[in-house]
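Each remark here refers to the structure printed beneath this line.
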Amino acid sequence: MPTINEKLTEEIRTQAKALLADGTVAAVIGYSRGSLPMTVKPTVVRASEDCGKLVWNSFCVLNLANYLPEVLKSVEPPRGPRDPKPEGPLAKVAVLATGCWSRNIVVQTQEHQVDRDRVVVLGVASRGMVSRRKVEEQFAGREILAVEEFDHDLVIKGADFEEKINRWSVVRDNCQTCTRPDPVLVDVRIGEPASERKNPNPFQQVDKIEEKSSDERWAWFTSEFSTCIRCYACRNACPLCYCPTCFVDDAKPQWVGKSLDAVDTGLFHLLRAYHCAGRCTDCGACESVCPMGINMRMLTKKLNKDVLNLYGMEAGMQPASPLPLTTYATDDPQKFIVTEAKAVKEGE
Amino acid sequence: MISYLPYPVRIDEIKVETEDGNLKTFKLVFENETQRKAWKHVPGQFAMLSLAGQGEIPIGIASSPTEEGHLLFTVNRAGKVTTALHQMHMGERMGVRGPLGNGFPIDTDMKGKNIVIIAGGFAVTTLRATLIYLMEHRQDYGKITFIYGARTPGMLLYQNELQEWAKRDDVDLHITVDREAPGWDGLVGFVPTIAGQVAPSPENSVALICGPPIMIKFTMPPLEKIGWTDDQVYLSLENRMKCGEGVCCHCNVGPTLVCKDGPVFTRTQVRKLPVEY
Amino acid sequence: MKVFRLSQTELDNMVQGWSQNRRVYRPAAGRQQSTHADCAPGWERVAASTPLTLPPGPSKTSVKTFLFPQPETMQTYTLKSSDPDKGLMKEPQKATEKQIIVGLRPCDARSVKLNNLPFQEDPFYQVNLARTVMVGFTCSAMCATCFCDQMGGSPMGTEGLDIAISQVDGSFIAEVLTPVGEELTAEIRLTPAEDSEINALAERRKNSPQADFAKLDVLKGRDLNTLYKAALWQTLGESCINCGACTFNCPTCYCFDVQDEVVRGQGRRIRYWDSCMFPLYSLHTTGHNPRGQKMQRTRNRFMHKLKYFPERYGLFSCVGCGRCVKDCPVNIDIREVMSDLLAVE
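Chains as they are written, first to last, in my numbering: chain A, 1 to 348; chain B, 1001 to 1277; chain C, 2001 to 2345.
Shown next as structure tokens:
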């Protein structure tokens, strides 16, 4: 019997092939098989005969919305920077999207990075993506040579071992706390829709840090970010980060130092997180791609919590209203500027 | 062993070169006499100008090795370091690291040949160094042709010197501006057009061409038409640089490092490289 | 050459003995907990409590951080107007104390040699090289992501090491390869290895994968511009997110940027790791960028390692440690790039 993901893979291939074959889209953004266990390659397919390489499994951790603006541009006729936009409708691009990725597409549309009319969303409900790091930590010191995926289990194989583990136990933290696995935009449905997950407190991980004393919080922060090598994988994997010149690269003025000084590194992560406030969908790409295993997602998650508490908004859920931090209202909460903790406690 | 330590120098003179004020020539003198004596450069080489607290920038050396005792750098105000440099005053301290790069082949391929120098805009700086060097060693070279163009008369660098050079009968000088301008009775037209009109003979000749890429592109066809080959043409490339010593890799064009293998290349060499400059 | 046999306890005692009056570093055991100010990510000072056992494969981050530190102070200066030395660049005091790196693998040891080609005349690298002692662990097996043999190294290789330690059955055989290594091992009483053990090690080395230069020779013979124009870069560049995970964890990526940092009138000029994956790397002040497209930058990294560097220095700028393969967020695998390149005629 084929597994759920095998069935989804088949469906993705069929739909992508049809969309490319009849010229509905010029490209499909999906995943193909990776060269190592628990990896996949983000892939742009431009010919219907290449759709056979598309796959879907529990290791699709990168947010494909990240590729959308660039691939959309690549299917436009080439033009110089000053040339006018070509007449008539431009070619479309299909992209696979789960709950959080689809919400990122909403944000991209709100921020005019993506023209919704040119995107065909292949909506697929997420069953939660597996954290490669969690699996590797469980098998520390043993080399994993193959991972076979079943609906509820993973079979981890090495040269001299083969063990079955529960899939959900190694699903990423962001997916485990996620309440909206189903895409909010669907043009072509892949698989079955998923209902909202119940989670009385999706911010439990943040609460744990907030409960610490300020010294303990500082200790957590400095220790967590001490191994950062400033490779910017977190930034580059994020669909929200599209500034032509990032503040860390700016020379006039220079905002952040470039060495591994703890203050500079900390500043980079804090500023990056703040730039994502009200826009982050907690897709977990930043954390998944970090080569050093830093949980920088805790920062954005904390801001997601604040934005929800202060403005009652979640990124990508209110396509018609402006993003919370790009607008203001006279009755906006403001006590947090002085005493945030108190204001939140009072249920402001 | 490489030394990344800049020599301390003082700004001895600052001259605003152009009407827009964006180009200034800095005359730098060494603080240390031993370092002054040890400094030897070839026209076409560059140096790193160092400003403490700002950084370093690679700038072509505008003075000829024959102008002893000081160094000249003509700097366009563009980025962080050049902007800070433009705000500096006479007598202030800065640093110079170099000389770096290969320079023009004054002692090899150029020796005994007719020299055609073609310059556009502020790329003329190292060619000024070259021309002065050639005039000081006049007997070692054949006919010298100097073609130089700027957008307007006010954008021409080294205006006093241009007038001096015009008086000499051993240099064939052609100064041009892009458009007619009040008070200008010299040549009018783009550098490629003037180069076509002057039509220097390729016989026993070498051309040094520095300018914006578009100028170089259009200067080549008229020269090729009268028989110039790629081997006779020297160009100077620019790329972002950091170490200037062929280590940090920033200026790479394929396997070639502009700072170390260049910045001067024959057109034959340039043609073999990927277009990453 | 002296060869010793050590038990786990003897090995730990020896290393801890060194750490009494010197800086001894080892790959961090698990996620790095506390850090000394001088500890780079992925490394920690040898502590009495942790026995020296290493997981298979190379350490999380490479040894380059000890020779090409992130950052390195190149010059210091003051900007205080009252100081007559205002703006005068001064060479920083050179570190001379020995640092002992324990637990690096043959791939990393070889990377130090490869980086020494461009850094041959670099004063900072040379000073660090002279003060660094490398005590490596050979690999009894290659990981699935290892390909050191394909790049001209070997899992049992000793190139670049002062002491090579090989695990044989329950104990360790230490081969002392340099005078510095001899000094270190002379400090303690060690048991010389039996001839049979030395022979067994030689036999194992003989049977382990050997350095293979076939791919290097083929690629050297290929036309640079044909490889440069190959179609594979387009596909690769499309999935690459242009982060620096591969570059920074790569032992043989050695590009650096230079910058000034001033705090309260005291300045320093530092160099720090840069990556040709970043757009800023090649950006001109005019705004022109010779490698403005993502694909061009991805191509540059691989072309540098597999074609440009060999053209300049005769060898691949890659030791086959597989870190980039493991760390790439989008699974760009240099082994696949290599085979794609070999297929370009």
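By construction, the Cβ of each residue, glycine as well, lies at the ideal position given by its N, Cα and C atoms.
Chain-ordered residues of the stretch 2248-2263 of chain C with a beta carbon less than 7 Å from chain B: Result list: C2255, F2256, D2257, V2258, Q2259, D2260, V2262.
Which residue marks the beginning of the alpha helix (DSSP H) containing C/M2295, and which one marks its end? In the third sequence, residue 2295 of chain C corresponds to position 295, counting from 1. Start and end: 2294-2303.
Reduced DSSP secondary structure (H/G/I, E/B, other) of C/D2340: In the third sequence, counting from the first residue as 1, residue 2340 of chain C sits at position 340. Note: C/D2340 maps to helix in three-state DSSP.
Output, in sequence order along the chain, the residues in the stretch 232-264 of chain A whose CB is closer than 7 Å to any CB in chain B. Look at the stretch 232-264 of chain A: the residues with a C-beta under 7 Å from a C-beta of chain B are A251, K252.
Skipping 5 residues on each side, what residues in its chain have a beta carbon closer than 7 Å to that of A/A47? Numbered from its first residue, the first sequence carries residue 47 of chain A at position 47. Result list for A/A47: L20, in chain order.
Name the chain A residues that come within less than 7 Å of C/L2280, Cβ to Cβ? Numbered from its first residue, the third sequence carries residue 2280 of chain C at position 280. Within chain A, the residues near C/L2280 are D249.
Would C/N2242 and C/R2297 qualify as a contact pair, given that the criterion is a beta-carbon distance under 8 Å? For the purposes of this step, residue 2242 of chain C is taken as residue 242 along the third sequence, with counting starting at 1. For the purposes of this step, residue 2297 of chain C is taken as residue 297 along the third sequence, with counting starting at 1. The Cβ-Cβ distance between C/N2242 and C/R2297 falls below 8 Å.
Within the 8 Å Cβ cut-off, does B/K1080 reach chain A? Indexing the second sequence from 1 puts residue 1080 of chain B at position 80. Yes, because at least one Cβ of chain A sits closer than 8 Å to the Cβ of B/K1080.
Look at the alpha carbon of B/T1219 and the alpha carbon of B/Y1004, and state the distance between them as a whole number of angstroms. Translated into positions along the second sequence, residue 1219 of chain B becomes position 219. Translated into positions along the second sequence, residue 1004 of chain B becomes position 4. About 38 Å.
Between the C-alpha atoms of A/S35 and A/K157, what's the straight-line distance to the nearest angstrom? As a working note, residue 35 of chain A is residue 35 in the first sequence. As a working note, residue 157 of chain A is residue 157 in the first sequence. Looking at the two C-alpha atoms, the distance is approximately 16 Å.
Residues that DSSP places opposite C/W2273 in a beta bridge: Locating residue 2273 of chain C in the third sequence gives position 273, counting from the first residue. C/F2256.
Would you list, in chain order, the members of the stretch 1048-1074 of chain B that have their beta-carbon closer than 9 Å to a beta-carbon of chain C? S1050, L1051, A1052, G1053, Q1054, G1055, E1056, I1057
Could you give the residue range of the alpha helix (DSSP H) that holds A/S35? Position 35 of the first sequence, counted from the start, is the residue given in the question as residue 35 of chain A. Segment: none, A/S35 is in no alpha helix (DSSP H) and carries neither H nor E.
Determine whether the Cβ of A/P81 lies closer than 8 Å to any Cβ atom of chain C. Stepping through the first sequence from its first residue, residue 81 of chain A is reached at position 81. No, because no Cβ of chain C sits closer than 8 Å to the Cβ of A/P81.
Listed by chain order, chain C residues near B/V1247 by CB distance under 7 Å: Position 247 of the second sequence holds residue 1247 of chain B. Going along chain C in sequence order, the residues near B/V1247 (Cβ under 7 Å) are P2118, F2119, D2122.
The alpha helix (DSSP H) spanning B/H1086 covers which residue range? Here residue 1086 of chain B refers to the residue found at position 86 when the second sequence is read from its first residue. Counting along the chain, the alpha helix (DSSP H) containing B/H1086 begins and ends at 1080-1086.
By the DSSP assignment, the alpha helix (DSSP H) with A/W218 in it spans what residues? Sequence index remark: in the first sequence, residue 218 of chain A carries index 218 (1-based). Looking at the DSSP string, the run of the alpha helix (DSSP H) that includes A/W218 is 214-225.
Between the stretch 1260-1275 of chain B and the stretch 1221-1239 of chain B, are three or more C-beta pairs nearer than 8 Å? Cβ pair count under 8 Å is three or more, so yes.
Would B/D1020 be called buried (16 or more neighbouring beta carbons within 10 Å of its own) or exposed? The sequence position of residue 1020 of chain B within the second sequence is 20, counting from 1. Burial is judged here by how many other beta carbons sit within 10 angstroms of a residue's own beta carbon; B/D1020 has fewer than 16 and is exposed.
Is the CB of B/E1033 under 8 Å away from at least one CB in chain C? As a first step, residue 1033 of chain B is located in the second sequence; it is residue number 33 there, counting from the start. No, no contact with chain C.
Does the stretch 312-323 of chain A come within contact of the stretch 244-257 of chain A, defined as at least 3 CB pairs closer than 8 Å? Using a Cβ-Cβ distance cut-off of 8 Å, the stretch 312-323 of chain A and the stretch 244-257 of chain A are not in contact, since fewer than three pairs of beta carbons, one from each stretch, lie closer than that value.
Are any of the Cβ atoms in chain A nearer than 8 Å to that of C/Y2272? Start at 1 with the first residue of the third sequence, and residue 2272 of chain C comes out as number 272. Closer than 8 Å to some Cβ of chain A, the Cβ of C/Y2272 qualifies, so yes.
Looking at the structure shown, is B/K1027 part of a helix, part of a strand, or coil, going by DSSP? In the second sequence, the residue the question calls residue 1027 of chain B occupies position 27. In this structure, B/K1027 counts as strand in the three-state DSSP scheme.
Scan the stretch 15-41 of chain A for residues whose Cβ lies nearer than 7 Å to a Cβ of chain C and list them as they occur along the chain. G34, S35, L36, T39, V40, K41
Given that C/V2330 touches chain A, what residues does it touch there, using C-beta distances under 7 Å? Taking the first residue of the third sequence as 1, we reach residue 2330 of chain C at position 330. Those are K41, P42, L62, listed as they occur along chain A.
Using 8 Å as the threshold, is the stretch 133-148 of chain A in touch with the stretch 106-115 of chain A, meaning 3 or more CB pairs across them? no
Min CB distance B/L1237 to chain C below 8 Å: By one-based count along the second sequence, residue 1237 of chain B stands at place 237. So, not an interface residue.
Listing by chain order, which chain B residues have their CB less than 8 Å from the CB of C/T2286? Taking the third sequence and counting its residues from 1, the one referred to as residue 2286 of chain C is at position 286. Among the residues of chain B, those whose CB is under 8 Å from the CB of C/T2286 are A1078, following chain order.
Taking the CB atoms as reference points, tell me whether C/C2324 and C/N2249 lie closer together than 8 Å. Taking the third sequence and counting its residues from 1, the one referred to as residue 2324 of chain C is at position 324. Taking the third sequence and counting its residues from 1, the one referred to as residue 2249 of chain C is at position 249. In this structure, C/N2249 lies closer than 8 Å to C/C2324 by Cβ.
Does any C-beta atom of chain C lie closer than 8 Å to the C-beta of A/I105? The residue given as residue 105 of chain A occupies position 105 in the first sequence. It does not; no Cβ of chain C falls within 8 Å.
At which residue ranges does the stretch 58-125 of chain A contain complete beta strand (DSSP E) runs of 3 or more residues, listed in the order of the chain? 93-97, 119-124
C/E2311: contacting residues in chain B (beta-carbon distance under 8 Å): Numbered from its first residue, the third sequence carries residue 2311 of chain C at position 311. Ordered by position in chain B, the residues that pass the 8 Å Cβ test against C/E2311 are P1255.
What is the DSSP secondary structure of A/W168, counted as helix, strand or coil? In the first sequence, residue 168 of chain A corresponds to position 168, counting from 1. DSSP places A/W168 in helix when its eight states are reduced to three.
Locate the beta strand (DSSP E) running through B/V1016, then write down its first and last residues. As a first step, residue 1016 of chain B is located in the second sequence; it is residue number 16 there, counting from the start. From DSSP, the beta strand (DSSP E) with B/V1016 extends over 1007-1016.
Looking at chain A, is there any beta carbon in it that lies within less than 8 Å of the beta carbon of C/D2038? Here residue 2038 of chain C is taken as the residue at index 38 of the third sequence, counted from 1. Judged by the 8 Å Cβ criterion, C/D2038 is not in contact with chain A.
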